[in-house]
Amino acid sequence: MNRPLVNLRGVPEQEAEGIRDTLREAGIEFYETPAGNWLISAGAIWLKNPKDRSRARTALDEFQRQHLEQARRAPAPAGFFEQLRQRPLELIGIGAAVLFMLWLLAWPVLHLVGQ
21 MNRPLVNLRG VPEQEAEGIR DTLREAGIEF YETPAGNWLI SAGAIWLKNP
71 KDRSRARTAL DEFQRQHLEQ ARRAPAPAGF FEQLRQRPLE LIGIGAAVLF
121 MLWLLAWPVL HLVGQ
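In the working numbering, the protein residues as written are 21 to 135.
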């Protein structure tokens, strides 16, 4: 029975395209099944010829090694305090909006308790 080569659940589109390109460059024929309408079933990449599985695994292992090295070289995303230093007014505005929404939600309850 044929098994999927790669399950695409949670895989970013850029990475999925890299996987497709890697398989095409290796000359491996494959097809793809899309995710279900309600995302109950995940999309997957399948091999047309199951005998290509070892070649495909080797190509994907190399792709993943390169992808991991590239991710390690990329700068880490900015943390909360770094963003606060870079954009203080934006974050203070967002915080004020959140507090205002919480106050709007709590006001009727607090008003009833005070009666």
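Don't be surprised by glycine CBs; every beta carbon is placed ideally from N, CA and C.
| According to DSSP, what are the bridge partners of Ile-224? | The structure shown has nothing for residue 224, since the chain only spans 21 to 135.
| said: By the three-class DSSP mapping on this structure, what secondary structure does Ala-98 have? | reply: Taking the first residue of the sequence shown as 1, we reach residue 98 at position 78. Coil.
| Which residue comes first and which comes last in the alpha helix (DSSP H) that contains Ala-79? | Reading the sequence shown from its first residue, position 59 is the one you call residue 79. Ala-79 -> alpha helix (DSSP H) spans 73-93.
| query | Mind checking whether Trp-66 and Pro-24 have CB atoms under 8 Å apart? | reply | The count along the sequence shown starts at 1 and reaches residue 66 at position 46. The count along the sequence shown starts at 1 and reaches residue 24 at position 4. Cβ distance < 8 Å, so Trp-66 and Pro-24 count as in contact.
| field | Distance, Asn-22 Cα to Asp-41 Cα | value | Locating residue 41 in the sequence shown gives position 21, counting from the first residue. Locating residue 22 in the sequence shown gives position 2, counting from the first residue. Each residue's Cα considered, the two are about 22 Å apart.
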